[in-house]
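Quick notes on the structure that follows.
2 protein chains.
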Amino acid sequence: MGRRKDHTREELTRIAINAGTELVVAEGPEALTARNVAKLIGYTPGTLYNLFENIDELCTAINIKTLNRFAVEIEQILNEHSKSKKRLRRICQAYLNFHQKKPELWALCFATPLRSLNEDYHQAVHKVFDPVAEALLPISGDPQAARQDAKVLWSTLHGICLLQQTGKLNVAETDPAEILVKRFLDQFLKR
Amino acid sequence: MGRRKDHTREELTRIAINAGTELVVAEGPEALTARNVAKLIGYTPGTLYNLFENIDELCTAINIKTLNRFAVEIEQILNEHSKSKKRLRRICQAYLNFHQKKPELWALCFATPLRSLNEDYHQAVHKVFDPVAEALLPISGDPQAARQDAKVLWSTLHGICLLQQTGKLNVAETDPAEILVKRFLDQFLKR
DNA sequence: GATTATTATTGAACAATGTTCAATAATTAA
DNA sequence: TTAATTATTGAACATTGTTCAATAATAATC
């Protein structure tokens, strides 16, 4: 078959991203292959390389969508609460909720090594990171400290979920992520 | 060629693990392929499958060696220091040092998804984890709290190094891992 | 409307991965 | 010396990512 032009380039890109997302949700990050995505959208692998430089770029595009959705959730939390500590606890809760409800998308976003992270990705990260740093401002003191604390907070959430999901810290007893995050926050916000 | 028997099965296993380690250190985790390792030790890929169930098992074997080395370092730290907080700060420092000096081995151990983690691996994790939980006992109060705090501490270190190495949290400014860990510890040990 | 130019899509190919396993040849046992 | 054992090979298969000339459907031109 030759030229079909059922969709614009932009439409097709969106279709591929959605199909990729479905694949990851249904079968995990390792199911995100060029052939799987192509088959699901009714095209051949070659077409995907018209839309994306490589498969990592498709992966990054999915992650950007994921981050943007999470950013909306954070925005809602900031609107619903005005106290800093309450905000932070709710954001952490939302993070854990995301990890629990969509572990495959979480893994694709945070536990899958990628070769290329473009500017769009870093922008999406900002939309998730900046509100956390802002919520920390009254607690940390100055902006620089708040941003550093936000990185620590983010890293801890990240690490707790990762070690739980990968089982790389399977010692005798297993503590739910919520318990560990609570323990962290109780001490972290004590100021 | 047929049967050579230059080495015992155990020797050959050790040789393969060492070769794999060298490969990872020199060229990163993605260089750890059956063919690369086989070539380096003067055998064919098939031989590796006589020694290991699959390539992940070789990967795990390397990680066990890495963890055991780190466990020795922790042991030394506990011998050199008796104060809990000093111990913990020095352990964190050693962790950061390991990450900085051997980023490829660190990545293989903590940032590479594996399909199988055997009992030997979890035992090696214990040798690194338990001393941290022990050092935390006077600070956390009871043993359960200490173990939970150890998981938090471990997760935070893990997260900070991972986000730095992968560049998945590249916001405007970059803070060295040491700064972030110090900020974490200052608050975490304030009790 | 016929012809030409453009381009979206294909599909076959290549290299590299993990993995298997019958064949083989060197060692060990009888 | 002969037979049994087994460590090692090497070729094969399936699956990856990726490339790119060929193709066929659309768009442009006359």
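Chains as they are written, first to last, in our numbering: chain A, 1 to 191; chain B, 1 to 191.
Every residue gets a Cβ at the ideal spot worked out from N, C-alpha and C, and that includes glycine.
Small disclaimer: the values here were computed from a predicted structure and weren't measured.
Going by C-alpha positions, A/E53 is about 14 angstroms away from A/T33. For a Cβ distance threshold of 9 angstroms, nothing in chain B lies close to A/A16: the least Cβ distance comes to about 22 angstroms. Nearest to A/L117 by alpha-carbon distance, out of B/L163, B/P29, B/K39 and B/R14, is B/L163. Rounded to the nearest whole angstrom, the CA to CA distance from B/A172 to A/N18 is 30 angstroms. Excluding its 5 nearest sequence neighbours in each direction, A/R115 has C-beta neighbours in its own chain below 7 angstroms: D56, listed in chain order. For the pair B/A177 and B/L96, the CB atoms are nearer than the 8 angstroms cut-off.
The beta-carbon separation of B/R90 and B/I139, rounded to 15 angstroms, does not stay under the 8 angstroms limit for a contact. In this structure, the beta-carbon distance from A/V128 to A/I74 falls below 8 angstroms. Of A/A16, A/G141 and A/C161, the smallest CA-CA separation from A/L58 is found for A/A16. In the displayed model, A/L51 falls within a helix according to three-state DSSP. Residues of the stretch 86-110 of chain B with a C-beta less than 9 angstroms from any C-beta of chain A: A107, C109 and F110, listed in chain order.
Fewer than three pairs of CB atoms, one per stretch, sit closer than 8 angstroms, so the stretch 19-27 of chain A makes no contact with the stretch 2-11 of chain A. Rounded to whole angstroms, A/H126 and B/V24 show a C-alpha spacing of 32 angstroms. Residue environment for B/V72: exposed (fewer than 16 other C-beta atoms within 10 angstroms of its C-beta).
The beta carbon of A/H158 sits closer than 8 angstroms to some beta carbon of chain B. A distance below 6 angstroms between beta-carbons, with the five flanking residues on each side excluded, links B/L136 to the following residues of its chain, in chain order: A146, D149 and A150. Put simply, the CB of B/I179 is near chain A, with a gap under 8 angstroms to one of its CB atoms. Linking A/L51 to A/A61 through their CA atoms gives a straight-line distance of about 11 angstroms. Within the same chain, and ignoring the five residues on either side of A/W154 in sequence, the residues whose Cβ sits closer than 8 angstroms to its Cβ are F129 and V132. Scanning A/K101, A/Q165, A/E80 and A/K83 for the CA closest to the CA of B/F110 turns up A/Q165. B/P29 places its beta carbon less than 8 angstroms from that of B/A107. Between the alpha carbons of B/L189 and B/K85 lies a distance of about 7 angstroms.
Chain B has a Cβ within less than 8 angstroms of the Cβ of A/R147. Between the alpha carbons of A/I77 and A/R87 lies a distance of about 7 angstroms. In the DSSP assignment, B/P143 falls within the unbroken alpha helix (DSSP H) covering P143 to T166.
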